[in-house]
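Student:
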Ligand code: SF4
Ligand code: SF4
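Numbering (this note's numbering), first residue to last: 25 to 129.
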């Protein structure tokens with residue numbers, strides 16, 4: 025009997041909504057040292073990949089997030105069993121003119 029270990033998923037594509045990551049007000053940041061896949065040194069866990077409704081997480085060690093399509097829903101951070109994903113305000117990551125601080129939320 026063939027055992028399938030992967031779940032069929034589509035990949036994101038530009039639709040009428042365009043790059044949905046443009047809507048985001050906060051972004052997920054993976055703390056690699058806390059990720060179970062990194063700790064095990066192999067593609068393990070991947071629960072964030074399973075649950076992302078925008079299919080913008082790629083499996084990996086650690087998984088990677090396509091911020092062009094991540095809309096910042098925070099589900100990946102909620103389901104991560106290791107607490108390895110933190111949602112951070114987008115303004116913290118925005119590019120700002122030299123000498124100016126990014127806007128606070
Ligand atoms: S915040 Fe939402 S859309 Fe973005 S990677 Fe996590 S689950 Fe996917
Ligand atoms: S759910 Fe958390 S621990 Fe599991 S692969 Fe994703 S980031 Fe790593």
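Ideal Cβ placement from N, Cα and C applies to all residues, glycine included.
What are the boundary residues of the alpha helix (DSSP H) that residue 85 is part of?
Tutor: Counting along the chain, residue 85 falls outside any alpha helix (DSSP H), and DSSP gives it neither H nor E.
Student: Please go through the same chain and pick out, in chain order, the residues whose beta-carbon is closer than 7 Å to the beta-carbon of residue 83, but skip the five residues on each side of it.
Tutor: The answer, listed in chain order, is 67, 70, 73.
Student: Secondary structure at residue 38, three-state DSSP: helix, strand or coil?
Tutor: DSSP places residue 38 in coil when its eight states are reduced to three.
Student: Please state the DSSP three-state secondary structure of residue 128.
Tutor: Residue confidence is low: residue 128 scores 46 on pLDDT, short of 50, so the model does not pin down where it sits. Its coordinate-derived value is still stated next. The answer is coil: DSSP assigns residue 128 none of H, G, I, E or B.
Student: Quick check on residue 56: buried or exposed, where buried means 16 or more other Cβ atoms within 10 Å of its Cβ?
Tutor: Burial call: exposed.
Student: My guess is that residue 104 and residue 93 are in contact by the Cβ rule of under 8 Å, so how many angstroms apart are they, rounded?
Tutor: With a Cβ gap of about 19 Å, residue 104 and residue 93 do not count as contacting.
Student: Here's the rule: buried if 16 or more other CB atoms are within 10 angstroms of the residue's CB, otherwise exposed. What is residue 77?
Tutor: It counts as exposed.
Student: Residue 60: beta carbon under 7 Å from a heavy atom of ligand 2?
Tutor: yes
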